[in-house]
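Worksheet for the structure shown next.
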Amino acid sequence: MSDLSQITTHTSRLLRDPRLAWAMIVLLTLSAMASATELGGYLVFILALAAINLIVGVGLNILFGLCGQISFGHIGFFALGAYGVGIAMLGGWSFWLALPAAALLGAVAGGLLALPALRVSGPYLAMMTIAFAFIVEHGAIEWRSVTGGQNGLMGFMAPEFFGRPFFEMEMAILASFFAGLSLLFFHRLARGRWGMAMRAVSISEIAAQSVGLDPLRLKTVAFILSAALAAIAGGLFTPLQGFISPGTFPFFQSILFLLAVVVGGAGTLLGPLIGIAITVVLPEMLSSLAEYRLLFFGGLMLGVLLAAPRGVAGIFLRALMRDEGTPVRPSERPLAEVIARQAASQPLRVEGLSIAFGGVQAARDVGFTAEPGRVTSVIGPNGAGKTTVLNMIGGFYRPDAGSIRLGQELAGRPAWAAARAGIARTYQTTQLFEHLSVIDNLLVAAAGGRLGFLLGPPPDAPARERAEALLAFVGYSGPVGREAGALPHVDRRLVEIARALAMGPRVLLLDEPAAGLGKADKDALAGLLRRIAEAGIAVVLVEHDMGLVMGVSDHVVVLDAGTPIAAGTPGEVRSNAEVRRAYLGDTDYPGRPRTAPWAGERVAVLTTHRLTAGYGAAPVLEAVETTVNPGETVAVLGANGAGKSTMLRSIAGLHRPISGSVLLNDREMSRAEAHKIAAAGLALVPEGRQVFPELSVRDNILLGAHTRYDVDTEAEIEALLTHFPRLRDRISSQAGVLSGGEQQMLAIARGLIAKPRILLLDEPSLGLAPAMVRELYDALADLRDEGVTILLVDQMATLALAVADRGYVLEGGRVVKEGPAASLGADSDIEKAYLGAAE
Amino acid sequence: MIVSTLITGLGLGAMYGLLALGFHVTYAVSKTVNFSQGSSMMVGAVLGYTFGVTLGWPMPLAVIAALLGCAVLGLVVERCLVRPFADRGSDLWLMATVAGGIVIDNVVLFTFGKEPRSLPSTLATEPVDVFGAGAFPLQLIIPVVGLAIAAALTLVQRRTKMGKAMLATVQRPDAARLMGINTRMVIAGAFALSTVFAGIAGLLIAPLFNVSSGMGVIFGIKAFATAILGGITSAWGCVIAGLLYGCVEALTTAYLGSSYTQIVSFSLVILVLVTLPNGLFGHGEIKKV
């Protein structure tokens, strides 16, 4: 076995050697040119046609394979080139002048179409390109004085080269030559910075922007290149064919071009070559079956899309390219030297930052200064607007007001501009370039949007060494060539941080970097953050793990409901009364406990047994055991990120658990779909209310009864309105215009009308004004007293415990404590879980 | 001249609007569309012809059977060509449905035959007089049917349980599931509905044009242009844009010549997309990071 794997490793290394690709292309081109002199008559024509198609294919491979953009209109550029050359030649131009002119025409048309087309995507872009192809086709029909209309153009003089006329054979040689050139062009482009950047954009535009790449610019360049190549191919087609008319360029040909790239293997060097062999050469060999050609192509395209999205070349490459390169070598180089950042750069100054989404003020007047060399943390309860602030600083949201200064004003600038100004960031859910190798992820970022010459060389050895040193610095020790998508969770976090550092940033924004990490990894992360700060970078941390925040921060800013409520050292912040109130919900209202202790039957309505759930590789919830009895109200407590919401979502079927079971009235539900679980009698009132904004309040409530067929509509709505009198006046309004508190009541009413066996509430008090919280909790206490079974998750621990009979405390995805609500309320451990240990 | 041009335009436009409405219903619930809508329309016409003429079934039965066939086609398209890609977050459904359309067209070509045939209809034999212009009753009925279907769709969505479940799926898919709504079924249903709309369009225009395997291609593309023009997120936008598009097309054909039709109408699409990226009546979505 090890022999075999050695052989494949060596083969793949050999195959990956760029010189091999060069040699292969040159050899193929020469043999195509040589065979043109040997083949007779029709075969030469087919060879020339294949070469011409290959040029278009390579162009589309740049656009679709590298940049991920689909065009159904490339026949338009092909026709543009063909007519351009034809018209110019009939006007007395030399072919050698007409061809570059046609390429230029294609490029200009491509650019003009790309700019508006690429701002949109998906079906919109497809429509633009289709429209373009039709306009070209019908322009050719209608502009008779120039294009000859339906009759077309003919009678071109054969191009001459030093007195030698170019007929079929010579044209085949010429086309093969250009096809070879285009392959070399692709090879060089794909390996260089531009190619990598295009791949990055096609994998994740968000991540691409945050390393300084401007997706619109890259997509436009790809579009222009592919349009120019299609036009060149068209220009070669005219003298070869000797006759062109609108019918020569049917719309359907666009799809065949695309088919060739998809079938062959989009994004691979030889994909289009294989694709052309199938779409051009094969039908000629099976000419007796010509009428089934389209059926065959359609079926083939479907088959490839469904079964082998990477195409023929992709299958081979996958089999051969198992080599993941060498593991990262340890490095002793200090970070400041690796990223060559001078000390004492300017601080990041944020002032008066505000933004509202559809009337909801997500951040109001947020300001702080992040000094270089220090760790500044932004904390706050769920929904406080922390990520929103990061998104404004990172350029993804345009603030309504305020200033972001890092040497220059950055407020309102796009994300890639913020990145180029020196702001790097990581994401709550890691945003790696999944299909790029680990080291390429860093190399893309290292270019920082400065891509240089289009066909510039790939990143050199020192650049690779720097990238490797960064990987060593963050503590990644896996192979450098591994595909980022295959990394385990911890490594994803580390590589993302290394990628951010590769930009040589002045500021590093981290959004929940510790989410999903174990204790040891969190400790390592804390050390890493300190070392990054020591290298002179301003580190801005948004994090739920209070132990981590309090341990590494020099300065802490606390947000609540979008507004800064405190700032200072970790010690100052922890003892701040307002902060404690925000986190623990010490409202003045104590909540209304049961008058007599609950004494119902212990025959569980809901049981979770060893419930484990997570996102990707990281478990957020581990082996959670809970029980809720009929008529009981149970609270689940824990800090942000402890896994409370994940627990409710897993129980309700919105998130598929990894393992463990969920029993609802003794029926196993952990594999059931959410709508089946709802029909079985479980109602989740989700975090953020999730009312249907464009439906009326009444319709919202009635949707809650979707699975019931015995609803006495009027009476039941009336009963709910007595619980939530506020909704009565609003019954015909659209739910979207309700206030947060009204929406929360509506969401609960919508859950109740299902007559559920158990009602799950996820953060009902989140973002509500104190008076609203009081009203809401009174209504909950009423429901409890009426015998509704409730499982309640709320940030406001004291309040939740006041109405609950029992409680569970989650920490790091595990149940660390359970017991009667009264005893948990007095427990200082709760405070520790929420605010971090005071040492 | 102008009257008969407008009648033609509104008739064509209503067909574009119907197909565009099909794009709208699937896009609204799943952010995907069936790019072979033109083929669905053709299948409607071909099945209608096969049941009604070849097999000699009574016309109402033939129409119902044809539309049922279209619904099944829609379910198959969703299950085989869209869901596999949408589930893994890829937008290759775009190409898959295009390829699917090619396959459908060609399968019909080899089973139904190559010669275009005309579907006889009593509504398209005797022209009636409309403000001095001659038009078949069918031509007058088509826009009415188009608008009626759009109105019916709106009514069904606002008034029936199934319709509200659909709106709920559009607005908050996860919350809809929490209400016990099977959102996958809603999406599959939307695809069936969209091919039924296309089938109705095919049956309506079959008596005016010839029935053949290739009849839907250009129609489908123009209907998509219409949907984009009107704003694919707006049902009425799709229908109104369809009528506008049909009239622009008919007027261009009448006053400039048939080949300018495509140039003018497709330039219009590009122009609208450049100036109003969400179409005339559509609305954008907030991007979340």
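So the protein sequences, as listed, match chains R and L. According to this note's numbering, the residues represented by the first sequence are 9 to 847, in order. According to this note's numbering, the residues represented by the second sequence are 0 to 288, in order. Idealized CB from N, CA, C, for every residue including glycine.
query                                                                                                                 : result
Sufficient close CB pairs (3 or more, under 8 Å) joining the region 187-197 of chain L to the region 55-65 of chain L : no
Sheet register partners of R/I766 (DSSP bridge)                                                                       : R/L690
Whole-angstrom C-beta distance between R/V557 and R/I387, which should lie under 8 Å                                  : 6 Å
CA-to-CA distance, R/V823 to R/A364, given in whole angstroms                                                         : 37 Å
Minimum Cβ-Cβ distance from L/I269 to chain R less than 7 Å                                                           : yes
Nearest-angstrom beta carbon gap, R/A682 and L/L166 [assumed within contact, 8 Å]                                     : That pair is no contact at about 18 Å.
Identity of the residues DSSP links to R/T634 by a beta bridge                                                        : R/T616
Cross-strand partners of R/E168 (DSSP beta bridge)                                                                    : R/P173
Reduced DSSP category for R/M558 - H, G, I as helix; E, B as strand; rest coil                                        : helix
Cα-Cα separation, R/M135 to R/Q698                                                                                    : 33 Å
Chain R within 7 Å of L/V62, Cβ atoms only                                                                            : no
Residue environment, R/K227, which counts as buried when at least 16 other CB atoms sit within 10 Å                   : buried
Whole-angstrom C-beta distance between R/I282 and R/G272, which should lie under 8 Å                                  : 4 Å
Under 7 Å between C-beta atoms of R/A427 and R/G360                                                                   : no
Cβ-based burial, L/T25 [other Cβ within 10 Å; buried from 16]                                                         : buried
N-terminal and C-terminal residue of the beta strand (DSSP E) that R/A378 is part of                                  : V368 to A378
Within 7 Å, strictly: CB atoms of L/C237 and L/A253                                                                   : no
Beta-carbon gap between R/G243 and R/G118 smaller than 7 Å                                                            : no
Distance between R/R738 and R/E722 (C-alpha atoms, nearest Å)                                                         : 16 Å
Local Cβ density within 10 Å of L/I217, reported as buried at 16 or more and exposed below that                       : exposed
Cβ pair count under 8 Å reaching 3, the region 154-168 of chain L against the region 6-13 of chain L                  : no
Per-residue contacts from R/E712 into chain L (C-beta, under 8 Å)                                                     : The question names Glu, but residue 712 of chain R in the sequence shown is Gly. By Cβ distance, chain L contributes M178.
Through-space distance from R/S262 to R/L51, alpha-carbon basis                                                       : 24 Å
Buried versus exposed, by CB contacts within 10 Å (16 or more), L/G281                                                : buried
Minimum Cβ-Cβ distance from L/G12 to chain R less than 7 Å                                                            : no
7 Å CB neighbourhood of R/A829 in its chain, flanking five on each side removed                                       : A643, L809, A812, D813, R814 and G815
Element boundaries [alpha helix (DSSP H), containing L/D173]                                                          : P172 to L177
Secondary structure, alpha helix (DSSP H): runs of 4+ residues fully inside the region 80-111 of chain R              : 82-98
Distance, R/Q158 Cα to R/V144 Cα                                                                                      : 13 Å
Residues near R/A846 by beta carbon distance below 7 Å, same chain, minus five either side                            : Interpretation of R/A846 is limited by its pLDDT of 44, a score under 50 that renders its predicted location unreliable; no figure is taken from the coordinates.
Where the alpha helix (DSSP H) through R/A453 begins and ends                                                         : V446 to A455
CA-to-CA distance, L/L93 to L/Q261, given in whole angstroms                                                          : 23 Å
Where L/T251 falls, given that 16 or more other Cβ within 10 Å makes a residue buried                                 : buried
Inter-residue Cα distance where the pair is L/V75 and L/M214                                                          : 21 Å
Sequence-distant residues of the same chain with beta carbon closer than 6 Å to L/I6, five excluded per side          : A134 and Q138
Neighbour flag for R/F732 against chain L, beta carbons, 7 Å                                                          : no
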